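Q:
Number of protein chains: 2
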Amino acid sequence: MPKSDTHMTMRVVNHIRTMIESGGLQPGDRIPPEREFARKLRISRASLRTGIGYLAAMGVMDVRHGVGTFVADGPPELGKSSLSLLGALHGFQSWQMFEARRILESELAAMAAERGREQHFTALSEEVAEMYATVGNPIEYLIHDVRFHRVIAQASGNPILAALMETITSALYDERRKTAERSRDLKESADLHREIYRAIRSRNAAEARAVMERHLTMAQSAQDLELSGAPAPLSENGKPRKVRRKPVEV
Amino acid sequence: MPKSDTHMTMRVVNHIRTMIESGGLQPGDRIPPEREFARKLRISRASLRTGIGYLAAMGVMDVRHGVGTFVADGPPELGKSSLSLLGALHGFQSWQMFEARRILESELAAMAAERGREQHFTALSEEVAEMYATVGNPIEYLIHDVRFHRVIAQASGNPILAALMETITSALYDERRKTAERSRDLKESADLHREIYRAIRSRNAAEARAVMERHLTMAQSAQDLELSGAPAPLSENGKPRKVRRKPVEV
DNA sequence: TGTCGTGCAGAGGTCCGACCACTAGAATAC
DNA sequence: GTATTCTAGTGGTCGGACCTCTGCACGACA
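Protein chains in written order, with my numbering: chain A, -18 to 231; chain B, -18 to 231.
1) Closer than 7 Å by beta-carbon distance: list the chain B residues that pair up with Thr31/A, in chain order.
2) Among the residues of its own chain, which have a CB less than 7 Å from the CB of Arg135/A, if the five just before and after it don't count?
3) Quick one: complete alpha helix (DSSP H) runs, 4+ long, within the stretch -1 to 62 of chain B?
4) Would you mind giving the Cβ-Cβ distance between Ala94/B and Ala171/B, rounded to the nearest angstrom? I have them listed as a contact below 8 Å.
5) For the stretch 82 to 109 of chain B, enumerate the residues whose C-beta is nearer than 7 Å to any C-beta of chain A, in chain order.
6) Rounding to the nearest angstrom, what Cα-Cα distance links Glu80/A and Glu17/A in this structure?
7) Under a Cβ-count criterion, where at least 16 other Cβ atoms within 10 Å of its own Cβ denotes burial, should His46/B be classed as buried or exposed?
8) Taking Cβ-Cβ distances shorter than 8 Å, what residues in chain B pair up with Met39/A?
9) Should Ile(-3)/B go down as buried or exposed, given a rule of 16 or more other Cβ atoms within 10 Å for buried?
10) In terms of residue numbering, what span does the alpha helix (DSSP H) encompassing Arg82/B cover?
11) Please state the DSSP three-state secondary structure of Val116/B.
12) Taking 9 Å as the CB-CB cut-off, is Asn139/B touching chain A?
13) Excluding the 5 residues preceding and the 5 following Val109/A in the sequence, name in chain order all residues of the same chain whose CB lies nearer than 6 Å to its CB.
14) For my contact list, Ala38/B and Gly9/B are in at a C-beta cut-off of 8 Å; report their separation, rounded to the angstrom.
15) Check whether chain A comes within 9 Å of Met78/B, counting only Cβ atoms and requiring the distance to be less than that.
16) Taking all protein chains shown into account, decide if Thr103/B is buried (16 or more other Cβ within 10 angstroms of its Cβ) or exposed.
17) Of the residues Gly4/B, Leu123/B, Ile133/B and Arg182/B, which one's Cα is nearest the Cα of Ala69/A?
18) Are the C-beta of Gly47/B and some C-beta of chain A separated by less than 9 Å?
19) Closest by CA to Leu167/B, which one among Asn118/B, Met(-11)/B, Asp43/B and Ile24/B?
20) Output, in chain order, the set of chain A residues within a Cβ distance shorter than 7 Å of His71/B.
21) Does any CB atom of chain A fall closer than 9 Å to the CB of Val(-7)/B?
22) Using a Cβ-Cβ cut-off of 7 Å (strictly less than) and excluding sequence neighbours within five positions of Leu29/A, which residues of its own chain qualify?
23) Leaving aside the five residues before and after Gly32/A along the sequence, list all residues of the same chain whose C-beta is less than 6 Å from its C-beta, in chain order.
24) Within the stretch 119 to 146 of chain B, note down every full alpha helix (DSSP H) run reaching 4 residues or more, in order along the chain.
25) Hey, out of Gln7/B, Ser202/B and Gln74/B, whose CA is closest to Asp54/B's CA?
26) Helix, strand or coil for Gly72/B, going by three-state DSSP, please let me know.
27) Given 8 Å as the limit, tell me if Thr(-1)/B has its C-beta closer than that to any heavy atom belonging to the ligand NAD.
28) Quick check on this structure: which residue in Thr50/B, Leu153/B and Glu107/B has the alpha carbon closest to the alpha carbon of Gln201/B?
29) Report the rounded CA-to-CA distance for Pro57/B versus Gly40/B, giving the unit in angstroms.
30) Any beta-carbon of chain B closer than 9 Å to the one on Arg190/A?
31) So, Arg96/A versus Glu194/A, is the Cβ gap smaller than 9 Å?
32) With a cut-off of 9 Å, does the C-beta of Ile133/B fall near any C-beta of chain A?
33) Determine which residues of the stretch 112 to 129 of chain A have a Cβ less than 8 Å from any Cβ of chain B, and write them out in chain order.
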């Protein structure tokens, strides 16, 4: 990426970064209009926009057409579709994403059992109830499913791991946005979530980890089955990649 | 982020994404010059650059001034400084980064013990040797330290987890780029790496996980000590955040 | 009085065309 | 042969014009 001093992009990024680190800029805050900000920074509007675009791509800024540019609010997120794009590029396998998710969320569940607070338990309980109430509506169910896992991530007390989980799950959903689950499975799913909730609430970290792992393993095999009947592949790549000096055709 | 059809940015992103998914664009490939590409896509060069900038920020493209724009090569990486920026924004604590790293790398070490291949073992062994050879040179030592962990990530067979690890460690290094380690610690560090190597080589996953965890825990406390003498804090945040409608001062 | 529609101001989005800065390789001088 | 200089090609920056979207004030209407 561009160097620090020379490039306008980095000048903007560093300027905003400094403002954030000094506390002068907080989540939800609005930065000045582009024209004005550019004038104040003594750079062109185009360059300013490049820098803002960089920050927006990484989820640090939130640009709203016709409204203004804001510092990102809400839970920390890496670039929303970054993993999805990288996956397409490097040929990430579906089972690898599931594995990563399984590892992260199992640990997260254990941490939530150890550090969770009453408010988290309450929220988890509510989501479980909503899941049971919407077993007949996959769309609605999914919303509470996502929220349940998100609350666990919050309860873990480690926002970094939570952000990583968010990145993976969003890439996962992006890949399977077409496959709708069958209602029959949802009842089992809700049961498992209830088990997870109970383990966390009783501060049984090992149990929480184990049940979460079971839940995600089941979810994976269920989707594998639904998709192609193929089990998780174990491919290798000793790719002797060719380098094209000439631009590719478009 | 911008919508799919309307916004030029997403038009570019989706176009390139499609080219990647269809296999027409592979890591290392070069895309046409901006002027030509823009003409072919029937958009302005500025818009094209916005889209490319987005992809570059996420580590999918590699733009080289005076040379050309290429599809990113090498190991997959999320936006290099994304975590660092998000950390500044959301106030990530140092111990949280270490914890995330510890969890990821412990698991990675265990997976490497199970799935690693001869070539990985060889590479690990070489790095360990280099580490012993450079205990008197912290700069050099660090290089092999990083490589050692990177090989383990590769040997794990899960590039997604490897990319996440890379993201965290680069953010960590970014934070501590000033603190140089003392030579005395390096000997101990090398010993631990050797232990990790042996555990992995003998395919003892549990041992590999345990030693890696020990190593990272020690590294953390060593740095905590060096930095401020303060132990890992356990802070909380029930931040009642204010929302500023007016742009902040710059 | 309350509601709905319209217009406007301000913000980001796109475009153009010119020029600057960097890189690699070709041409040249030694 | 080697070192230097030149140059074509490519990304980087600029500014200034115009388009599009959003939120809100204002006024017409019921």
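Backbone N, C-alpha and C fix where the C-beta goes; we use that ideal spot for every residue, glycine too.
In this text the structure is predicted, and so the values were computed from the model without any measurement.
A: Taking the structure as given:
1) Your numbering for residue 31/A matches position 50 in the first sequence. Taking a Cβ-Cβ cut-off of 7 Å, the neighbours of Thr31/A in chain B comprise Gly34, given in sequence order.
2) Along the first sequence, one-based indexing puts residue 135/A at 154. In the sequence on display, residue 135/A carries Gln and not Arg. The answer, listed in chain order, is His101 and Ala143.
3) Within the stretch -1 to 62 of chain B, the complete alpha helix (DSSP H) runs of at least 4 residues are 15 to 22 and 26 to 38.
4) Indexing the second sequence from 1 puts residue 94/B at position 113. Indexing the second sequence from 1 puts residue 171/B at position 190. That belief does not hold up - the Cβ atoms of Ala94/B and Ala171/B are roughly 20 Å apart, past 8 Å.
5) Taking 7 Å as the cut-off between beta carbons, the residues of the stretch 82 to 109 of chain B near chain A are Ile84 and Glu88, in sequence order.
6) The residue you call residue 80/A lines up with position 99 of the first sequence. The residue you call residue 17/A lines up with position 36 of the first sequence. Straight-line Cα distance between these residues: approximately 48 Å.
7) For the purposes of this step, residue 46/B is taken as the residue at position 65 of the second sequence. With fewer than 16 Cβ atoms within 10 Å of its Cβ, His46/B is classed as exposed.
8) Translated into positions along the first sequence, residue 39/A becomes position 58. What Met39/A touches in chain B: Ala38, Met39, Gly60, Ser62, Ser63, Leu66 and Leu67.
9) On the second sequence, residue -3/B is found 16 positions in, with the first residue counted as 1. With 16 or more other Cβ atoms within 10 Å, it is buried.
10) To locate residue 82/B, count along the second sequence from 1; it is residue 101. Unbroken alpha helix (DSSP H) run through Arg82/B: Ser75 to Arg96.
11) The count along the second sequence starts at 1 and reaches residue 116/B at position 135. Reduced to three states, the DSSP call for Val116/B is coil.
12) Within the second sequence, numbered from 1, the residue matching residue 139/B stands at position 158. Between Asn139/B and chain A, the shortest Cβ-Cβ separation is below 9 Å.
13) Against the first sequence, residue 109/A aligns to sequence position 128. Same-chain partners within the cutoff: His174, Arg175 and Tyr178.
14) One-based indexing of the second sequence puts residue 38/B at position 57. One-based indexing of the second sequence puts residue 9/B at position 28. Taking 8 Å as the upper bound for CB-CB distance, Ala38/B and Gly9/B are not in contact here, some 19 Å apart.
15) Here residue 78/B is taken as the residue at index 97 of the second sequence, counted from 1. Against chain A, the CB of Met78/B has a partner CB under 9 Å away; the residue lies at that interface.
16) Along the second sequence, one-based indexing puts residue 103/B at 122. Thr103/B comes out exposed.
17) Along the first sequence, read from residue 1 onward, the residue named residue 69/A stands at position 88. Per the Cα distances, Gly4/B.
18) Locating residue 47/B in the second sequence gives position 66, counting from the first residue. Closer than 9 Å: no.
19) By one-based count along the second sequence, residue 167/B stands at place 186. Minimum Cα distance to Leu167/B is reached at Asn118/B.
20) By one-based count along the second sequence, residue 71/B stands at place 90. Those within 7 Å of His71/B in chain A are Pro57 and Pro140.
21) Locating residue -7/B in the second sequence gives position 12, counting from the first residue. Val(-7)/B does not count as touching chain A.
22) Residue 29/A sits at position 48 when you count from the first residue of the first sequence. Residues of the same chain with a CB within less than 7 Å of the CB of Leu29/A, apart from the 5 flanking positions on each side, are Val(-7), Glu15, Phe18, Ala19 and Leu22 in chain order.
23) Against the first sequence, residue 32/A aligns to sequence position 51. Cβ neighbours of Gly32/A beyond the five flanking positions: Thr(-10), Val(-7) and Val(-6).
24) Segments of the alpha helix (DSSP H) lying fully in the stretch 119 to 146 of chain B: 119 to 136.
25) Here the question's residue 54/B lines up with position 73 in the second sequence. The shortest C-alpha separation from Asp54/B is found at Gln7/B.
26) The residue given as residue 72/B occupies position 91 in the second sequence. Note: Gly72/B maps to coil in three-state DSSP.
27) Questions concerning the ligand NAD fall outside what the structure shown contains, since it holds no ligand whatsoever.
28) Taking the second sequence and counting its residues from 1, one reaches residue 201/B at position 220. The shortest CA-to-CA distance from Gln201/B to any of Thr50/B, Leu153/B and Glu107/B is the one to Leu153/B.
29) By one-based count along the second sequence, residue 57/B stands at place 76. By one-based count along the second sequence, residue 40/B stands at place 59. Straight-line Cα distance between these residues: approximately 8 Å.
30) Residue mapping note: residue 190/A aligns to position 209 of the first sequence, counting from 1. Judged by the 9 Å Cβ criterion, Arg190/A is not in contact with chain B.
31) Here residue 96/A refers to the residue found at position 115 of the first sequence. Here residue 194/A refers to the residue found at position 213 of the first sequence. In terms of Cβ geometry, Arg96/A and Glu194/A do not form a close pair [threshold 9 Å].
32) As a working mapping, residue 133/B is identified with position 152 in the second sequence. Ile133/B is outside the set of residues whose beta carbon lies under 9 Å from a beta carbon in chain A.
33) For the stretch 112 to 129 of chain A, no residue has a beta-carbon sitting nearer than 8 Å to a beta-carbon of chain B.
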